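Asker:
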Amino acid sequence: MVIIVGFGNPLLDIIVQLDDDTILQKYNIREDYEKEETANVIRLLLKDVSHLSPVFAPGGCAQNTLRILQWILNEPNSTVMMGAVGTDEHSAILEKLVQEAGVHTHYCRKENHPTGCSVVLIKGVHRALIAHIGAAQYLNIDDIRCNEKLDVLMKANLVYVEGFFVSQRVAIVEYVEAFCNDKSIPFVFNLSGVYMIENFPTEMWAFAQNADVLFGNSREYKTLIKNTNLSLSVDHFAIQLCQNYQNRKNLPYGKLVVITNGDECVICAHSGGHIEVLHVPKIDKSKFKDSNGAGDAFAAGFLAGLLLKKEPLTSMKWGCWSAQQIIQQSGCTIPKYTAQFITSID
């Protein structure tokens with residue numbers, strides 16, 4: 001059995017269908033808008049939408065990837081989520097939902113801080129996302145150094161860290177990266193967002209260089225290139241990242257740098273100057289429901305292929321298939337059917 005440990009912000013998505021613009025206007029929220037808010041604003045917002053029958057779902061990038069990876073691998077307790085939550089009702093709801101998906105939760109509890117959440121306001125085809133990461137940002141390095149967490153890390157076949165986790169927790173990511181290097185565990189990092197690269201340019205560049213597997217979309221890589229003052233195309237930048245990598249863990253393809261670009265081609269560079277290009281298979285537009293979680297799903301499919309010793313190109317195909325299943329759901333929801341079909345994709 002393989003074990004994948006993820007580090008990220010364990011969030012509870014609270015999904016609300018709006019009848020009109022009243023809530024949007026009251027909180028000065030535009031359609032298709034994303035922003036972080038204070039705990040107090042979130043509390044007031046939740047009170048105002050309580051009569052609209054909110055739906056709860058697990059959220060957070062790493063947690064989404066682990067849930068989908070668990071669905072693909074279909075082996076109990078193959079995935080472990082680490083992060084911090086509060087001691088409130090939302091933490092109990094979140095933990096129950098994540099465990100029902102087969103993911104083992106190794107949450108640290110933070111009193112006096114609310115569990116992180118994203119309020120998703122949907123009106124017609126438009127959605128706005130208002131987030132507060134709450135207790136998640138208070139995870140500290142001593143929480144990870146305890147024997148219980150280290151015992152889990154020791155058993156990991158792979159460690160996955162979302163870029164959003166870097167905010168206020170750089171020391172934890174550095175510690176986890178060093179631990180992985182010491183124990184020869186593949187360290188996987190997702191750039192996650194342009195604003196993370198802009199706000200933490202030095203740290204994100206360091207993790208991008210040191211990761212054994214690096215995920216990101218073309219906009220994130222272009223921002224990384226801009227911040228490093230290099231004059232390279234995205235694909236040549238990916239090749240250079242791989243060429244500067246020392247394969248101390250003896251990984252079969254060395255470093256893997258994966259670049260997504262929506263429904264356009266996916267690029268994967270690996271050590272030795274190799275680059276793979278996959279044109280994303282098209283799906284019927286009428287089946288498309290929600291792009292939320294597509295990137296998380298791609299990472300899950302790719303990592304599933306990697307763990308099952310598939311070639312990079314096959315892993316890219318697995319990533320695309322996984323993403324296409326998720327965008328046919330509402331929100332980042334695990335499909336009702338099994339993922340067995342993926343094993344027939346070469």
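In full-length UniProt numbering, the protein residues as written are 1 to 346.
Glycine included, each C-beta is placed from N, C-alpha and C at the ideal position.
Fair warning: this is a prediction, and the values are worked out from it, not measured in the lab.
1. Compute the beta-carbon to beta-carbon distance between Ile-342 and Asp-290, rounded to the nearest angstrom, for a pair I have assumed lies under 8 Å.
2. Using only the alpha-carbon positions, how far apart do Asn-74 and His-104 sit?
3. Reducing DSSP to helix, strand and coil, say where Asp-88 ends up.
4. Among the candidates Ile-15, Asn-64 and Pro-281, whose CA atom is the shortest distance from the CA of Pro-335?
5. Which whole-angstrom value is the C-beta distance of Gly-86 and His-113, which I expect to be below 8 Å?
6. Within a Cβ cutoff of 6 Å, which residues of the same chain sit near Ile-133, ignoring the five residues on either side of it in sequence?
7. Using a Cβ-Cβ cut-off of 6 Å (strictly less than) and excluding sequence neighbours within five positions of Gln-324, which residues of its own chain qualify?
8. Could you give the DSSP three-state label for Val-49: helix, strand or coil?
9. Decide if Glu-100 is buried, meaning its Cβ has at least 16 other Cβ atoms within 10 Å, or exposed.
10. Measure the alpha-carbon distance for Ala-294 versus Cys-332 and round it to whole angstroms.
11. Name the one or two DSSP bridge partners that Ala-131 has.
12. Rounded to a whole number of angstroms, what is the C-alpha to C-alpha distance between Ile-42 and Ile-93?
13. Can you tell me where the alpha helix (DSSP H) holding Gln-209 begins and where it ends?
14. Taking all protein chains shown into account, decide if Glu-111 is buried (16 or more other Cβ within 10 angstroms of its Cβ) or exposed.
15. Determine the DSSP secondary structure at Glu-311, reduced to helix, strand or coil.
16. Below 8 Å on the Cβ atoms is my contact criterion, and I expect Ser-192 with Phe-237 to pass it. Report the Cβ-Cβ distance as a whole number of Å.
17. May I have a chain-ordered list of the alpha helix (DSSP H) segments no shorter than 4 residues that lie completely inside the stretch 139-166?
18. Can you tell me whether Cys-320 is buried or exposed, with buried defined as 16 or more other CB within 10 angstroms of its CB?
19. Measuring straight from C-alpha to C-alpha, what distance separates Asp-235 and Asp-296?
20. Could you check whether Val-125 and Val-16 sit closer than 9 Å to each other, using their CB atoms as the reference points?
21. Can Lys-35 be considered in contact with the ligand COA, in the sense that its beta carbon sits closer than 8 Å to one or more heavy atoms?
22. Less than 7 Å between C-beta atoms, sequence neighbours within five positions excluded: which residues of the same chain meet that for Val-152?
23. Can you tell me which of the three DSSP states Ile-345 falls into?
24. Since Ala-135 and Ser-118 are thought to touch, with beta carbons under 8 Å apart, how far apart are those beta carbons, to the nearest angstrom?
25. Let me confirm a value: Ser-50 is counted as buried when at least 16 other C-beta atoms fall within 10 Å, else exposed. Which label applies?
26. Look at residue 348 and Gly-254 and say whether their C-beta atoms are less than 9 Å apart.
27. According to the Cβ coordinates, are Cys-268 and Val-280 closer than 9 Å?
28. Could you check the C-alpha separation between Gln-168 and Glu-203 for me, to the nearest Å?
29. Under the DSSP definition of a beta bridge, which residues are partnered with Phe-237?
30. Give me the Cβ distance between Leu-214 and Leu-303, rounded to the nearest whole Å; I'm assuming they're in contact under 8 Å.
31. Of the residues Ile-122, Pro-312, Leu-24 and Phe-288, which one's Cα is nearest the Cα of Asp-263?
32. Spell out the partners DSSP gives His-104 in its beta bridges.
Answerer: According to the structure shown:
1. Ile-342 to Asp-290, Cβ: 20 Å. No contact.
2. 13 Å
3. coil
4. Asn-64
5. 5 Å
6. Asn-9 and Gly-116
7. Ile-283
8. helix
9. exposed
10. 8 Å
11. Glu-36 and Ser-118
12. 17 Å
13. 201-210
14. exposed
15. coil
16. About 18 Å; that fails the 8 Å criterion.
17. 141-145 and 147-154
18. buried
19. 21 Å
20. no
21. Questions concerning the ligand COA fall outside what the structure shown contains, since it holds no ligand whatsoever.
22. Val-5, Val-80 and His-106
23. coil
24. Not really, about 14 Å apart at Cβ, beyond 8 Å.
25. exposed
26. With the chain represented from 1 up to 346, any question about residue 348 goes unanswered, as that position is not in the structure.
27. no
28. 11 Å
29. According to DSSP, Phe-237 bridges with nothing at all.
30. Contact doesn't hold; Cβ gap of about 12 Å is too wide.
31. Phe-288
32. Val-80
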